[in-house]
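Taking it in order: structure first as structure tokens, then the write-up.
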Amino acid sequence: MSKDAGSSAESGPEWFEVSETDWLPPLSPTKKLKLFADASVPTTIVKELRAANISVQAALDADLSEADDQAILGMARKQGRVLLTTDADFWNDNKFPVHQIHGIIFIDVSPSDTDGTLQALGLLYGCFARRYPLDWWRGMKAKATPQGFTLKIHTWEGRNQQYEFRLSGDRRLIAREV
946 MSKDAGSSAE SGPEWFEVSE TDWLPPLSPT KKLKLFADAS VPTTIVKELR
996 AANISVQAAL DADLSEADDQ AILGMARKQG RVLLTTDADF WNDNKFPVHQ
1046 IHGIIFIDVS PSDTDGTLQA LGLLYGCFAR RYPLDWWRGM KAKATPQGFT
1096 LKIHTWEGRN QQYEFRLSGD RRLIAREV
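For the sequence shown, position 43 matches number 988 in this note's numbering, and the numbering has no gaps at all.
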């Protein structure tokens, strides 16, 4: 991601404009995102994602509603899916180090707030996950809110980096390293 875009008073000097070309080569074929929704994700959200043609396996469908966090994460990994959750424990790197996971999307919205959850997922999906290759999620976590999203990435160099993304007032995707 380049910091060439400059800054505005609205976004501050540390924010820079990004586009999907910053993380994907043009017209690259990608494996589409597949999700494994744990029991904290409401059924209405799973239904909405499926209606949008996003592949979602739900823990409730697999009789894993009572499984512990390690079992849920293991099932997502075994199925080659990114874990979708509203459980903040999965964002905690002491419990789930970013370099040891196969992709987690943590929705930082109350499960009872369907509109906020869908807005958070829509922003993350539309600006990033829709075109980000499924096999690149290893060593990555995303936290989605209605205002933006944050990515924690374990880099090829073995370092952990974190980026915060949001839409600017004129609807451009901007980011900063945190």
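Just so you know, even glycine gets a beta-carbon here, dropped at the ideal spot from N, CA and C.
Given the structure is predicted, the values throughout are model-derived calculations rather than measurements.
Check: Touch test, the region 1037-1050 against the region 1077-1086, Cβ-Cβ under 8 Å, three pairs minimum; Outcome: yes
Check: Rounded C-alpha distance that separates Pro1091 from Glu1122; Outcome: 19 Å
Check: Start-to-end residues for the beta strand (DSSP E) that takes in Val1001; Outcome: 1000-1003
Check: Stretch pair the region 1012-1019 + the region 1061-1075: three plus CB contacts closer than 8 Å; Outcome: no
Check: Assigned exposure category for Trp960 - 16 Cβ within 10 Å defines buried; Outcome: buried
Check: DSSP-derived helix/strand/coil call for Arg1116; Outcome: coil
Check: Val1027: first and last residue of the uninterrupted beta strand (DSSP E) it sits in; Outcome: 1027-1030
Check: Range of the contiguous alpha helix (DSSP H) that encloses Lys992; Outcome: 988-996
Check: Lys977, buried or exposed, once every other Cβ within 10 Å from all chains shown has been counted against 16; Outcome: exposed
Check: Supposed contact pair Tyr1108 and Thr1095 - C-beta distance, whole angstroms, cut 8 Å; Outcome: 7 Å
Check: Ala997, buried or exposed, once every other Cβ within 10 Å from all chains shown has been counted against 16; Outcome: exposed
Check: Inter-stretch contact at 8 Å, needing at least 3 Cβ pairs: the region 1028-1041 / the region 977-988; Outcome: yes
Check: Runs of alpha helix (DSSP H) lying entirely within the region 1035-1090, each at least 4 residues, in chain order; Outcome: 1059-1069
Check: Beta-ladder partner(s) of Gln1107, from DSSP; Outcome: Lys1097
Check: Residue of Arg1022, Pro1042, Ala1012, Ala1004 minimising C-alpha distance to Arg1104; Outcome: Pro1042
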